[in-house]
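Residue numbers (the working numbering), protein chains in the order written: chain A, 66 to 178; chain B, -13 to 98.
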């Protein structure tokens, strides 16, 4: 069964450093998403991406965040200058069509020290 | 008011029993509704979509009440493996966006 994959599974970084989280969506999916979940809290939407551009973003997704689809398979989330409060589990998701089910990757656990 | 609100639980359920819980949503324009399951430190996994007419998938039954803006999930004949956090999820479809809004989850613990 096709699945969304994410790398790395864990990332530890120093405050102020840049991190890039990588995702490989399901191959025939056209819509891509990033969500995050701070420990003990609910899953929160960050951004959706379609046709090589952002289609919607939340207020969390400020200028420190960016997304890119650098090639035909990868979908990345970059945090330019990490803050302590960026520590969370980051989930990538994809869907085939806009109204279709979103399938989630296993997540990257980011710890900012 | 929270966009999607759930009783956090935990619901302690004897194995084989039935458990039911609800969630409420605030946005009347919401179009799609789902129950996802999340195991500890894992990704959310779709359990079932929720349709206006109500739907059943094996031991799981979901209901949607648009007038009162709530969604319910019922689990029959609970198994130990049903222990998880159940996430109520709402999709307010926009022209280009497809944002899922999650509730905080209801924790279910099935005990022998």
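Note that beta-carbon positions come from the ideal geometry of N, C-alpha and C, so glycine has one too.
When secondary structure is reduced to three states using DSSP, residue 58(B) falls in the strand class. No Cβ-Cβ contact shorter than 8 angstroms links residue 150(A) with residue 95(A). Using a C-beta cut-off of 8 angstroms, the stretch -9 to 6 of chain B makes contact with the stretch 89 to 96 of chain B, since at least three inter-stretch Cβ pairs fall below that distance.
Annotation for residue 43(B): the continuous beta strand (DSSP E) segment containing it runs 41 to 43. A contact between stretches requires three or more CB pairs, one per stretch, nearer than 8 angstroms, and the stretch 52 to 59 of chain B meets this requirement with the stretch 4 to 21 of chain B.
Restricting attention to 31(B), 14(B), -3(B) and 53(B), the CA atom closest to the CA of residue 73(B) is found in 31(B). The beta carbon of residue 67(A) sits closer than 7 angstroms to the beta carbons of 91 and 92 from its chain, once the five residues preceding and following it are set aside; these are given in chain order. For residue 158(A) against residue 98(A), the beta-carbon gap comes to about 4 angstroms, under 8 angstroms, which counts as contact.
Taking C-beta atoms as the reference points, residue 100(A) and residue 156(A) count as a pair closer than 8 angstroms.
By the 16-neighbour rule on beta-carbons within 10 angstroms, residue 82(A) is exposed. Chain B places a beta carbon closer than 8 angstroms to that of residue 96(A), counting this residue as a contact.
Just so you know, the alpha carbons of residue 21(B) and residue 33(B) end up roughly 5 angstroms apart. Among the CB atoms of chain A, none fall inside 8 angstroms of the CB of residue 92(B).
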